[in-house]
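By our numbering, the letter at position 96 of the sequence shown is numbered 85, and the numbering carries on one by one without gaps.
Working notes, beginning with the structure itself.
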Amino acid sequence: MLSEKIKNRLLMLQNTYLERRPDDVLKLRVWLDQFEQATQLEERKSIGITIESYLKDMAKAEERDAFIFQIIPEWHSSLYTWTQSDFFSHPTAIIDENAVIGDQTKIWHYSHIMSDSKMGTACNLGQNVVISPKVKLGNRVKIQNNVSLYTGVQCEDDVFIGPSAVFTNVLNPRSAIIRKSEFRETLIGKGASIGANATIVCGHRIGKFAFIAAGAVVTSEVPDYALMAGVPARQIGWMDAEGNRLFPDENGKAVSQSGINFQLEDGKLAEL
Ligand SMILES: CC(C)(COP(=O)(O)OP(=O)(O)OC[C@H]1O[C@@H](n2cnc3c(N)ncnc32)[C@H](O)[C@@H]1OP(=O)(O)O)[C@@H](O)C(=O)NCCC(=O)NCCS
């Protein structure tokens, strides 16, 4: 759960003081193990606070050792990330400082949540998922294995992203040219689903409850409830919030299996 950066710093600290303060280093090791293994929020919080005050005491005892002083604010901000809510992250997942993760969210093996990203409650991130800085996810977002969401991507509530779907944030990348200021945004609307292995070219909005078929390549705006398939993705129909096809009649009216009425007007489908 601890980021590589803070892990390395704590390791350096242990190596530096191992000979002079073996008991202290041993204590720190035990607490760090307990911290990493703690499954309950309260438990993690209390061990984290113990480690922080211990680091402060050690810095004082070592006459305000600059190296320890450098670790304390890092530990403090990490602690905020790791203890603010009751989420689960597998021990192999890496969560950077200042990432905000909502209650009941689960983050599985080898996933990496980068700084300043934010996700809501009850999200589920599979194996090998990368959430880049500043990416925002709503509540109940499900992301299957091997998906990287780059800076500029935002997902509203209840978005589903299938395995190995690909996102982009630069339209015309060239290795030799820095294009960080040209990131294009991609907004995935509430309840939308992205099929396995689909590619989303950046700079477009995918409408709410839209459905992107497996393997499609999205290169344009996607209307709400649209079913898109192919390369490049073309609209092949409409889908309701439950993932069933909608078939508007000649007057543009459609009724979902669960009895919800829709109206198609000017190429836009909306719930009545
Ligand atoms: C798009 C999808 C929902 C369509 O399912 P469906 O409504 O049962 O549609 P059908 O299988 O009857 O296919 C309708 C047409 O679309 C085509 N089609 C279906 N899926 C397609 C796809 N992924 N790409 C391109 N065309 C596709 C079919 O070949 C068929 O074409 P035709 O009318 O010319 O014969 C489904 O194929 C799909 O891609 N689901 C995503 C699955 C996924 O990625 N899950 C991730 C989690 S495991």
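We put the beta carbon where it would ideally sit given N, CA and C, even for glycine.
Just so you know, these numbers come straight off a predicted model, no measurement behind them.
- Between the segment 90 to 108 and the segment 38 to 54, the count of Cβ pairs shorter than 8 Å is below three; the stretches do not touch.
- Only buried fits E86, as 16 or more other CB atoms lie within 10 angstroms of its CB.
- Taking the C-beta atoms as reference points, I61 is found no nearer than 9 Å to E31.
- In terms of CA proximity to D13, L(-1) leads the group E145, G232, L(-1).
- Using a Cβ-Cβ distance cut-off of 8 Å, the segment 189 to 203 and the segment 141 to 160 are in contact, since at least three pairs of beta carbons, one from each stretch, lie closer than that value.
- In this structure, D147 places its C-beta atom within 9 Å of the C-beta atom of K179.
- For F149, the CB contacts under 6 Å within the same chain, skipping 5 residues up- and downstream, are K131, S182 in chain order.
- Between G232 and F200, the CB-CB gap stays under 9 Å.
- Counting only runs that start and end inside the segment 136 to 199, there is no alpha helix (DSSP H) element of at least 4 residues.
- Relative to the Cα of D92, the nearest Cα in the group N250, N113, T81, S100 belongs to N113.
- The beta carbon of T39 is closer than 7 Å to those of W20 in its chain, skipping five residues each way along the sequence.
- Apart from the 5 residues on each side of it in sequence, I225 sits with its Cβ closer than 6 Å to the Cβ of L216, A218 in its chain, given in chain order.
- Those residues placing their Cβ nearer than 7 Å to any heavy atom of ligand 1 are, following chain order, Q133, G151, P152, G184, A185, F200, A202, A203, G204, A205, L216, A218, G219, I225, R234.
- By the neighbour-count criterion, in which a residue is buried when 16 or more other Cβ atoms sit within 10 angstroms of its Cβ, E8 is exposed.
- Taking the C-beta atoms as reference points, S67 is found no nearer than 9 Å to L138.
- Each residue's CA atom was taken as its position, placing E239 and N135 some 42 Å apart.
- DSSP places I61 inside the alpha helix (DSSP H), whose first and last residues are 55 to 72.
- In the DSSP assignment, no residue is bridged to M1.
- Its chain contains G178, A181, E210, V211, P212, D213, Y214, A215 as the residues whose beta carbon lies nearer than 8 Å to that of G196, once the 5 sequence neighbours on both sides are disregarded; these appear in chain order.
- Between the alpha carbons of K16 and N(-3) lies a distance of about 17 Å.
- When DSSP reads this structure, G226 sits in a beta bridge with L216.
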